[in-house]
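These notes concern the structure reproduced below.
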Amino acid sequence: MASPPISELSERAREIFRLVVEGYIGSGHPVGSKTLAGAGALSLSPASIRSVLADLEHLGLLAAPHTSAGRMPTDLGLRLFVDGMMRVSEPSPEERAAIEDRLSEPGPIEHALEKTSAILSDISGAAGMVMVPNREQRLAQFSLVDLGHGRALAVLVGEDGGIENRVIELGAAAVPGSLEQVSNYITAHLAGRTLGEAARIMRAEIAAGRSRLDTASQSLVERGLAVWSEDAAQRPVLIVRGQANLLDDAALGDIERIRLLIEDLESKQSVAELLEGARQAEATRIFIGSENRLFALSGSSVIASPYRDREGRVIGVLGVIGPTRLNYARVVPMVDLTARSLGKLFG
């Protein structure tokens, strides 16, 4: 069922509809005719307001929960409000500076992605989500540090200054001097390459006997490469933060819906597939309730935006998820700002 054009509603109906939607978004509770009449914004009696509310319900824009005499917007009504009536609140200079400052702090890009998800959660009061970009960073240095007891610390340094550590088992492969030899060999092949590119070159050299490494050192090279190749394959494609925000006071009366939502969020691959729907969007996209299959049962909304590198290429998607009563007017521009700020970190 398509919502009627906003122009087909009378001025009185538009104003009452707007007040119901904004009241519901602000409180999480249905809005009744007495509340609307008592607010003083309408020069109408409760009876007149009830008549208009009934008309809006007949159009499918409002619904009356059986537990309340008040009305709340349907998914159809929220779509009409978002597309035709919403008054966007642009981020203040202070909010803009706070987001950009948090993302400009030094550190590897993985930390920036984590911070982005937390920022989105903070500004929305819901859960923040960031899809990890499908990109391999260029690497600068590799080293193996002997930890004793047949183990070594493998240290990988990226061109962006990020450092990652993994502990690997040496077994009988390690001999005096081999750790340094292997470190120098891998570093020489890593410079300016991704791990995948370097691994292919090194394995080809070893297979052709051109590596000048003994058997024990060749085994160490393979172990050092394997620990990162396996780790990269198992990394989640989605970072989610702020699930606890979903358990606010308004949600306590609808625990089953929140349980379903949190279960949906645990299925990160499915959520990532939903966010992919915003990858080619020119602007921030809003998915409301039953408009998306994944969150139809939990009745949740997703606000998502692609983020681009400095050349304008889409490299990922970020967004927030929460109840349909999200403050769209505030969250939409904040999601857009966060996407643009994160994109500046990618060359």
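Here our numbering is used: the first residue of the sequence shown is 1, the next is one more, and so on.
Note that the Cβ used here is the ideal one computed from N, Cα and C, for glycine as well.
Distance between residue 150 and residue 130, taken at the CA atoms: about 38 Å.
By the CB criterion at 8 Å, residue 142 and residue 156 fall inside the cutoff. When C-alpha distances from residue 182 are compared across 166, 204, 214 and 207, the shortest belongs to 214. Between the alpha carbons of residue 15 and residue 53 lies a distance of about 11 Å. By DSSP's assignment, residue 165 forms a beta bridge with 155. Bounds of the beta strand (DSSP E) holding residue 304 are 300 to 308. Bounds of the beta strand (DSSP E) holding residue 143 are 139 to 148. The count of Cβ pairs closer than 8 Å, one atom from the stretch 328 to 335 and one from the stretch 26 to 45, stays below three, leaving the stretches out of contact. Classified as buried, residue 128 has 16 or more neighbouring CB atoms from the shown chains inside 10 Å of its CB. The alpha carbon of residue 163 has as its nearest neighbour, out of 261, 140, 202 and 179, the alpha carbon of 140. Between residue 112 and residue 342, the CB-CB gap stays under 8 Å. If one requires a minimum length of 4 residues, the alpha helix (DSSP H) runs lying completely within the stretch 56 to 90 are 75 to 84, in chain order.
Distances from the alpha-carbon of residue 20 to those of 56, 211 and 91 put 56 closest. In this chain, the beta strand (DSSP E) harbouring residue 241 covers 238 to 241.
Two segments are said to touch when three or more pairs of C-beta atoms, one from each, lie closer than 8 Å; by this definition the stretch 177 to 195 does not touch the stretch 99 to 113. Residue state for residue 50 is assigned as helix, using DSSP reduced to three classes. Put simply, the stretch 286 to 298 touches the stretch 71 to 83. At least three CB pairs are less than 8 Å apart.
Between the stretch 116 to 124 and the stretch 313 to 330, the count of C-beta pairs closer than 8 Å reaches three or more; the two stretches touch.
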